[in-house]
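Residue numbers (this note's numbering), protein chains in the order written: chain D, 17 to 514; chain B, 17 to 514.
Structure record follows, encoded as structure tokens.
Protein chains: 2
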Amino acid sequence: MQDTVKKYKQLIKKRAALGHAMGVLSYDSETVMPKNGAPHMAESMATLSEELYRLRVNDELRDMLNELEANKAELDPVTRREVELELKELKKLERVPVEEYSAFDRLISEASIVWREAKRNSDYQLFKPYMKRIVAASKAMAGYMYPGKPAYDALLEEFSEGLSMDMLEPFFKDVKAKLVPVIHAVCECGRQADDSKLTLPFPIEGQRRLSSFVMDFLGIDTNSCVIGEVEHPFTTAFNKHDIRLTTHYHEEDVLSNLLSVAHEGGHCLYELNIGDELIGSPLASGATMALHESQSRLFENMICRSPEFIALLYPRMKEIFPLQMQDISEELLFRAANRAEPSLIRTEADELTYPLHIMVRYEIEKQLIAGTLSVEDLPEAWNSMYKEYLGVDVPDDKAGVLQDSHWAGGMIGYFPSYCVGSAYSAQIYHNIAKEIDIPATVAQGGVKPIVEWLTDRLYRFGKLKTPEELSRSVLCGEFDPDYYTDYLTKKFTELYKL
Amino acid sequence: MQDTVKKYKQLIKKRAALGHAMGVLSYDSETVMPKNGAPHMAESMATLSEELYRLRVNDELRDMLNELEANKAELDPVTRREVELELKELKKLERVPVEEYSAFDRLISEASIVWREAKRNSDYQLFKPYMKRIVAASKAMAGYMYPGKPAYDALLEEFSEGLSMDMLEPFFKDVKAKLVPVIHAVCECGRQADDSKLTLPFPIEGQRRLSSFVMDFLGIDTNSCVIGEVEHPFTTAFNKHDIRLTTHYHEEDVLSNLLSVAHEGGHCLYELNIGDELIGSPLASGATMALHESQSRLFENMICRSPEFIALLYPRMKEIFPLQMQDISEELLFRAANRAEPSLIRTEADELTYPLHIMVRYEIEKQLIAGTLSVEDLPEAWNSMYKEYLGVDVPDDKAGVLQDSHWAGGMIGYFPSYCVGSAYSAQIYHNIAKEIDIPATVAQGGVKPIVEWLTDRLYRFGKLKTPEELSRSVLCGEFDPDYYTDYLTKKFTELYKL
Numbered sequence: 017m018q019d020t021v022k023k024y025k026q027l028i029k030k031r032a033a034l035g036h037a038m039g040v041l042s043y044d045s046e047t048v049m050p051k052n053g054a055p056h057m058a059e060s061m062a063t064l065s066e067e068l069y070r071l072r073v074n075d076e077l078r079d080m081l082n083e084l085e086a087n088k089a090e091l092d093p094v095t096r097r098e099v100e101l102e103l104k105e106l107k108k109l110e111r112v113p114v115e116e117y118s119a120f121d122r123l124i125s126e127a128s129i130v131w132r133e134a135k136r137n138s139d140y141q142l143f144k145p146y147m148k149r150i151v152a153a154s155k156a157m158a159g160y161m162y163p164g165k166p167a168y169d170a171l172l173e174e175f176s177e178g179l180s181m182d183m184l185e186p187f188f189k190d191v192k193a194k195l196v197p198v199i200h201a202v203c204e205c206g207r208q209a210d211d212s213k214l215t216l217p218f219p220i221e222g223q224r225r226l227s228s229f230v231m232d233f234l235g236i237d238t239n240s241c242v243i244g245e246v247e248h249p250f251t252t253a254f255n256k257h258d259i260r261l262t263t264h265y266h267e268e269d270v271l272s273n274l275l276s277v278a279h280e281g282g283h284c285l286y287e288l289n290i291g292d293e294l295i296g297s298p299l300a301s302g303a304t305m306a307l308h309e310s311q312s313r314l315f316e317n318m319i320c321r322s323p324e325f326i327a328l329l330y331p332r333m334k335e336i337f338p339l340q341m342q343d344i345s346e347e348l349l350f351r352a353a354n355r356a357e358p359s360l361i362r363t364e365a366d367e368l369t370y371p372l373h374i375m376v377r378y379e380i381e382k383q384l385i386a387g388t389l390s391v392e393d394l395p396e397a398w399n400s401m402y403k404e405y406l407g408v409d410v411p412d413d414k415a416g417v418l419q420d421s422h423w424a425g426g427m428i429g430y431f432p433s434y435c436v437g438s439a440y441s442a443q444i445y446h447n448i449a450k451e452i453d454i455p456a457t458v459a460q461g462g463v464k465p466i467v468e469w470l471t472d473r474l475y476r477f478g479k480l481k482t483p484e485e486l487s488r489s490v491l492c493g494e495f496d497p498d499y500y501t502d503y504l505t506k507k508f509t510e511l512y513k514l
Numbered sequence: 017m018q019d020t021v022k023k024y025k026q027l028i029k030k031r032a033a034l035g036h037a038m039g040v041l042s043y044d045s046e047t048v049m050p051k052n053g054a055p056h057m058a059e060s061m062a063t064l065s066e067e068l069y070r071l072r073v074n075d076e077l078r079d080m081l082n083e084l085e086a087n088k089a090e091l092d093p094v095t096r097r098e099v100e101l102e103l104k105e106l107k108k109l110e111r112v113p114v115e116e117y118s119a120f121d122r123l124i125s126e127a128s129i130v131w132r133e134a135k136r137n138s139d140y141q142l143f144k145p146y147m148k149r150i151v152a153a154s155k156a157m158a159g160y161m162y163p164g165k166p167a168y169d170a171l172l173e174e175f176s177e178g179l180s181m182d183m184l185e186p187f188f189k190d191v192k193a194k195l196v197p198v199i200h201a202v203c204e205c206g207r208q209a210d211d212s213k214l215t216l217p218f219p220i221e222g223q224r225r226l227s228s229f230v231m232d233f234l235g236i237d238t239n240s241c242v243i244g245e246v247e248h249p250f251t252t253a254f255n256k257h258d259i260r261l262t263t264h265y266h267e268e269d270v271l272s273n274l275l276s277v278a279h280e281g282g283h284c285l286y287e288l289n290i291g292d293e294l295i296g297s298p299l300a301s302g303a304t305m306a307l308h309e310s311q312s313r314l315f316e317n318m319i320c321r322s323p324e325f326i327a328l329l330y331p332r333m334k335e336i337f338p339l340q341m342q343d344i345s346e347e348l349l350f351r352a353a354n355r356a357e358p359s360l361i362r363t364e365a366d367e368l369t370y371p372l373h374i375m376v377r378y379e380i381e382k383q384l385i386a387g388t389l390s391v392e393d394l395p396e397a398w399n400s401m402y403k404e405y406l407g408v409d410v411p412d413d414k415a416g417v418l419q420d421s422h423w424a425g426g427m428i429g430y431f432p433s434y435c436v437g438s439a440y441s442a443q444i445y446h447n448i449a450k451e452i453d454i455p456a457t458v459a460q461g462g463v464k465p466i467v468e469w470l471t472d473r474l475y476r477f478g479k480l481k482t483p484e485e486l487s488r489s490v491l492c493g494e495f496d497p498d499y500y501t502d503y504l505t506k507k508f509t510e511l512y513k514l
């Protein structure tokens with residue numbers, strides 16, 4: 017058996033190396049690669065992706081895993097959990113015909129290119145045939161991977177184990193019932209602060225120094241995490257010692273980068289604090305997308321939009337941008353960071369209206385997969401839901417149905433994780449606050465005890481425990497969406513004196 | 017047979033994808049990766065490197081190549097040349113015991129880390145045991161790969177086919193006899209220009225704009241070539257549409273980056289202009305290191321240090337750096353770009369003294385491999401040769417024997433390619449000048465006809481023709497080092513009115 021463990025670990029190592037390479041190629045494509053390098057890069061990545069598939073699904077691995085599973089009592093806990101997850105993954109993948117797997121890969125790589133072009137020209141017709149194929153292929157994949165499950169539940173599960181329509185229906189119903197009235201009240205109260213001065217140009221060089229300020233505040237070691245610049249920020253971790261956080265600098269929107277670094281910094285803290293004993297193991301990453309997102313939302317919204325953090329930030333901004341900050345008070349900076357206002361673009365949405373952006377996508381995805389909405393009618397459905405939920409008129413598909421890259425990337429079922437993550441973060445904050453005085457901690461200039469609390473209950477385990485165990489651990493029990501709706505209602509009622 | 021061609025091309029494609037990934041990983045390590053990512057990156061690269069070796073040396077490939085070789089009359093010219101080179105490479109590699117191949121890989125990856133540390137502390141003793149192992153392993157590898165050849169000839173051949181001690185002995189003798197007196201005369205003439213004002217701080221942001229100016233002048237499409245920032249500049253091409261040029265900005269030395277971009281730009285032009293019909297083929301890269309270096313030297317020294325280029329550069333520098341350039345005349349800028357002065361560091365050496373830096377390394381490598389110099393006595397030999405050839409006292413090993421990364425990287429035998437490349441460039445310039453008025457072309461603001469001449473005779477072929485054919489094509493006959501020594505003698509005699 018020891019021999020099998022050794023052989024298994026060797027295979028895993030080879031696969032990890034290839035996965036690492038794919039990660040770097042993908043990061044490089046987004047951050048460094050010259051434009052003309054794209055086609056060749058896509059070809060190399062497709063070739064390596066096939067290779068990676070062969071390393072994930074093959075007879076040798078299946079035999080090894082079955083042997084290890086049969087002797088699981090003798091395995092150390094890390095290997096035992098690896099084997100459990102590997103077998104689950106293998107069984108899931110081997111039900112997908114290999115040609116369809118590759119075809120899906122090719123489809124989304126082509127679709128992503130076409131989507132970019134379609135978005136640029138606000139031309140949904142161009143993207144439509146790809147969207148049609150992606151919906152069909154996603155349904156098919158869902159059927160192969162999770163037979164017996166409703167297709168959309170399968171897609172939700174793929175990104176965040178435990179998410180399902182049964183869970184999301186009441187959640188979104190609650191969100192809609194409780195938050196829509198708050199949004200209406202905010203819109204009607206006439207108490208928006210005039211933060212137009214914050215759109216003066218803030219030179220990028222100074223904004224880079226603000227990024228460092230946020231990173232320092234979060235206690236992120238820049239020897240393990242670097243900042244790259246991209247169109248749409250994301251975080252990718254090759255391992256806990258090499259994390260790539262990305263941001264986008266807008267001269268005329270200094271808060272955008274700041275809060276983006278805070279958000280990605282939350283993802284980063286999760287990966288940075290995974291236990292050392294998991295290094296090199298496939299268990300060494302965040303457990304689900306929803307749990308990951310709970311961390312980015314926690315640090316972005318609940319820590320870095322807090323009055324205590326703004327009080328730290330304000331003098332630093334005055335120092336770096338004396339001219340631009342001349343007429344801006346600390347109060348105004350705080351109000352600007354917490355401004356709520358229905359808008360068109362999800363990635364620019366505030367904390368209060370954000371869940372409604374997700375709700376639109378959830379409704380649409382659910383219906384597309386169920387077949388009750390056709391790809392043909394998608395833009396119309398989108399526009400009418402934006403009008404209904406957010407009260408905004410969508411001027412074109414660029415600012416509407418084409419705004420996100422997810423569908424083109426084959427990620428139907430991903431969006432709800434964002435919103436559930438936000439909801440988790442409210443419950444988690446509540447739990448931490450029972451043990452730690454969060455505002456006082458932030459006011460002292462850091463988040464160390466908060467990160468320690470989270471490390472203890474969540475981060476260090478990676479995927480060693482199940483998503484269910486980890487959620488319970490960090491939520492201190494069942495998920496209760498009331499924490500989220502209560503938090504948002506209270507916060508914005510106070511802010512806007514509703 | 018068509019089936020074999022197809023299978024062979026598939027294998028090549030997989031290998032190319034893996035090679036592409038390794039290239040990106042290596043580039044990422046140098047330019048982006050956070051420090052703590054190094055150990056894991058090294059592990060992934062070692063794993064992939066073993067995989068790459070298996071794709072280069074295996075029975076299936078050998079059988080395919082033998083079959084294709086036996087039917088070579090039926091192959092298209094690209095595939096025919098590929099098969100020829102692949103077979104040669106395969107035969108060479110399969111003579112190396114696989115454990116020794118891997119051990120060498122591991123050795124140089126460890127050695128490079130130790131060398132960095134040793135250089136930082138100027139501590140040759142720390143590096144010495146690795147140097148000892150590298151010399152022994154290089155000799156062993158040379159014996160396996162090129163049986164019957166003197167070991168140092170084998171190492172020279174490995175980087176530039178056609179280079180040998182028989183060729184280099186008279187070359188360096190000539191260089192020494194003709195150039196050492198010129199260097200002495202320069203030192204004694206007392207006509208160094210006072211270019212101390214060029215060491216004022218030139219902000220990096222402005223220097224970046226100068227890099228763009230040089231790129232534009234060379235006609236390099238930034239959609240295919242991006243600039244990265246590193247400690248020691250290099251160029252790496254993943255394919256002709258994705259080239260990574262690197263540079264280093266020194267605030268107090270504005271010419272350093274400028275000329276570095278010109279140098280790397282020469283490498284870039286070679287790769288950019290490889291024929292489209294070679295895309296995806298292993299033939300799609302420069303033919304030898306010496307030929308590659310001939311291009312970087314040509315564009316750095318003979319084009320971008322020319323009075324015509326300086327005349328274009330001067331007003332641009334005045335525009336970007338009005339304060340710093342206040343008291344600097346065009347004449348002074350030209351003199352500074354062409355200053356000759358014996359110094360300690362090869363990478364900072366001027367055109368005239370550069371070959372002597374290489375000569376030191378050539379002598380030492382030759383003797384180390386022959387066993388007539390011990391690793392123990394290396395720093396002493398280095399220091400005494402620097403005194404003898406360049407008249408400088410080496411203060412410590414950091415500025416001496418530890419200055420270059422090559423030996424730690426297992427690249428014994430590489431240095432002479434630099435110098436032969438420089439010598440080629442003089443002969444190539446002479447040949448181009450017979451057909452094109454180079455100074456007038458440069459004065460008009462570009463190098464297009466020059467690049468076309470070089471593309472026609474050299475670039476487009478990649479490795480399709482032999483290095484011998486390509487050298488003859490671009491040198492217009494036999495290599496004649498007199499062009500080089502005559503060029504340097506004439507240039508510096510005039511400059512310094514000797």
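Virtual Cβ for every residue (Gly too), placed ideally from N, Cα, C.
Problem - Minimum C-alpha distance to Leu294(B) - residue among Tyr475(B), Arg70(B), Gly164(B) and Phe218(B) - result: Mapped onto the second sequence, residue 294(B) falls at position 278. The candidate whose alpha carbon is nearest that of Leu294(B) is Tyr475(B).
Exercise for the section: Could you tell me which chain B residues have their CB closer than 7 Å to the CB of Leu314(D), listed as they occur along the chain? Expected result: Taking the first residue of the first sequence as position 1, residue 314(D) is located at position 298. Correct list: empty, because the minimum Cβ distance to chain B is about 24 Å.
Practice task
Flag this pair as touching only if the region 402 to 416 of chain B and the region 122 to 142 of chain B have three or more C-beta atom pairs under 8 Å; answer yes or no.
Solution key: yes
Practice task
Kindly indicate if chain D contains any beta-carbon less than 7 Å away from that of His283(B).
Solution key: Numbered from 1 along the second sequence, position 267 holds the residue referred to as residue 283(B). No, His283(B) lies away from the interface with chain D (no Cβ there is under 7 Å from its Cβ).
Handout entry: CB of Lys256(D) within 7 Å of CB of Leu288(D), strictly
Key = The residue labelled residue 256(D) in the question sits at position 240 within the first sequence. The residue labelled residue 288(D) in the question sits at position 272 within the first sequence. In contact: Lys256(D) and Leu288(D) (Cβ atoms closer than 7 Å).
Exercise for the section: Tell me whether Met7(B) is buried or exposed, calling it buried when 16 or more other Cβ atoms sit within 10 Å of its Cβ. Expected result: In this structure chain B extends from 17 to 514, so residue 7(B) is not present and cannot be described.
Practice task
Starting from the C-beta of Leu470(D), find all residues in its chain whose C-beta is less than 6 Å away, skip the five residues before and the five after it, and write them out in chain order.
Solution key: If you number the first sequence from 1, residue 470(D) lands on position 454. Excluding positions up to five away in sequence, the list is empty.
Problem - Interface residues of chain B facing Glu240(D) [CB-CB closer than 9 Å] - result: Residue mapping note: residue 240(D) aligns to position 224 of the first sequence, counting from 1. Here residue 240(D) turns out to be Ser, not Glu, going by the sequence shown. Taking a Cβ-Cβ cut-off of 9 Å, the neighbours of Ser240(D) in chain B comprise Pro50, Lys51, Asn52 and Gly53, given in sequence order.
Exercise for the section: Check whether the Cβ atoms of Cys284(B) and Thr251(B) lie closer than 7 Å to each other. Expected result: On the second sequence, position 268 is the one that residue 284(B) refers to. On the second sequence, position 235 is the one that residue 251(B) refers to. Cβ distance < 7 Å, so Cys284(B) and Thr251(B) count as in contact.
Handout entry: Proximity winner among Glu335(D), Tyr503(D), Lys479(D) and Asp44(D), relative to Asp258(B) (alpha-carbon distances)
Key = For the purposes of this step, residue 258(B) is taken as residue 242 along the second sequence, with counting starting at 1. Measuring from the Cα of Asp258(B), the nearest candidate turns out to be Asp44(D).
Exercise for the section: Go ahead and pull the three-state DSSP assignment for Ala209(D). Expected result: Sequence index remark: in the first sequence, residue 209(D) carries index 193 (1-based). Here Ala209(D) sits in coil by DSSP.
Exercise for the section: Give the DSSP bridge partners of Leu261(D), in chain order. Expected result: What you label residue 261(D) is simply residue 245 of the first sequence in a count that begins at 1. Bridge partners of Leu261(D): Ile243(D) and Thr251(D).
Problem - Integer-rounded CB distance, given that Ala209(D) should sit under 8 Å from Arg355(D) - result: Taking the first sequence and counting its residues from 1, the one referred to as residue 355(D) is at position 339. Taking the first sequence and counting its residues from 1, the one referred to as residue 209(D) is at position 193. So it is a contact: roughly 7 Å between Cβ atoms.
Handout entry: Range of the contiguous alpha helix (DSSP H) that encloses Asn273(B)
Key = Sequence index remark: in the second sequence, residue 273(B) carries index 257 (1-based). That run of the alpha helix (DSSP H) goes Val270 to Leu288.
Problem - Classification of Gln26(D) by the beta-carbon crowding that lies within 10 angstroms, buried from 16 upward - result: As a first step, residue 26(D) is located in the first sequence; it is residue number 10 there, counting from the start. It is exposed - the Cβ of Gln26(D) has fewer than 16 other Cβ atoms within 10 Å.
Exercise for the section: For Ser310(D), go through chain B and note every residue whose CB falls closer than 9 Å to its CB, in chain order. Expected result: Position 294 of the first sequence holds residue 310(D). Going along chain B, no residue has its Cβ under 9 Å from Ser310(D), so there is no contact; the nearest lies around 25 Å.
Exercise for the section: Over the uninterrupted alpha helix (DSSP H) stretch that includes Asn87(B), give me the two end residues. Expected result: On the second sequence, residue 87(B) is found 71 positions in, with the first residue counted as 1. No alpha helix (DSSP H) holds Asn87(B); DSSP gives it neither H nor E.
Problem - Minimum Cβ-Cβ distance from Ala37(B) to chain C less than 7 Å - result: Given the protein chain composition of this structure (D and B), no chain C is represented.
Practice task
Take Thr501(B) and list the residues in its own chain whose beta-carbon comes closer than 7 Å to its own, dropping the five residues that flank it on each side.
Solution key: Taking the second sequence and counting its residues from 1, one reaches residue 501(B) at position 485. Correct list, in chain order: Asp190, Val191, Lys194 and Leu195.
Exercise for the section: Would you decide whether Glu221(B) is buried or exposed? Buried here means 16 or more other CB atoms lie within 10 Å of its CB. Expected result: Counting from 1 along the second sequence, the entry for residue 221(B) is found at position 205. Per the 10 Å Cβ criterion, exposed.
Problem - Reduced DSSP category for Asp496(D) - H, G, I as helix; E, B as strand; rest coil - result: For the purposes of this step, residue 496(D) is taken as the residue at position 480 of the first sequence. Coil.
Practice task
Flag Val277(B) as yes if its beta-carbon sits less than 7 Å from any beta-carbon of chain D, otherwise no.
Solution key: For this step, residue 277(B) is matched to residue 261 along the second sequence. Judged by the 7 Å Cβ criterion, Val277(B) is not in contact with chain D.
Practice task
Determine, using beta carbons only, whether Leu101(B) and Gly429(B) come nearer to each other than 7 Å.
Solution key: Reading the second sequence from its first residue, position 85 is the one you call residue 101(B). Reading the second sequence from its first residue, position 413 is the one you call residue 429(B). The criterion of a C-beta distance shorter than 7 Å is not satisfied by Leu101(B) and Gly429(B).
Problem - Chain-ordered chain B contacts of Asn289(D) [CB-CB under 9 Å] - result: As a position in the first sequence, residue 289(D) is number 273, starting the count at 1. In chain order: nothing, as chain B lies at least about 14 Å away.
Handout entry: Nearest-angstrom Cβ-Cβ length linking Val270(B) and Leu214(B), presumed shorter than 8 Å
Key = Position 254 of the second sequence, counted from the start, is the residue given in the question as residue 270(B). Position 198 of the second sequence, counted from the start, is the residue given in the question as residue 214(B). Right, their Cβ atoms sit about 6 Å apart.
Practice task
Enumerate, from N- to C-terminal direction, the unbroken alpha helix (DSSP H) stretches of 4 or more residues contained entirely within the region 91 to 130 of chain B.
Solution key: 93 to 110
Problem - Exposed unless 16 or more other CB atoms sit within 10 angstroms - verdict on His56(B) - result: Within the second sequence, the letter at position 40 stands for residue 56(B). With 16 or more Cβ atoms within 10 Å of its Cβ, His56(B) is classed as buried.
Practice task
Report the rounded CA-to-CA distance for Lys22(D) versus Ala353(D), giving the unit in angstroms.
Solution key: For the purposes of this step, residue 22(D) is taken as residue 6 along the first sequence, with counting starting at 1. For the purposes of this step, residue 353(D) is taken as residue 337 along the first sequence, with counting starting at 1. Distance between the alpha carbons of Lys22(D) and Ala353(D): 52 Å.
Exercise for the section: Closer than 7 Å by C-beta to Tyr330(B): which residues in its own chain qualify, once you throw out the five before and the five after it? Chain order, please. Expected result: For the purposes of this step, residue 330(B) is taken as the residue at position 314 of the second sequence. If we look at Tyr330(B) and ignore the five residues flanking it on each side, its Cβ neighbours are Glu346 and Leu349.
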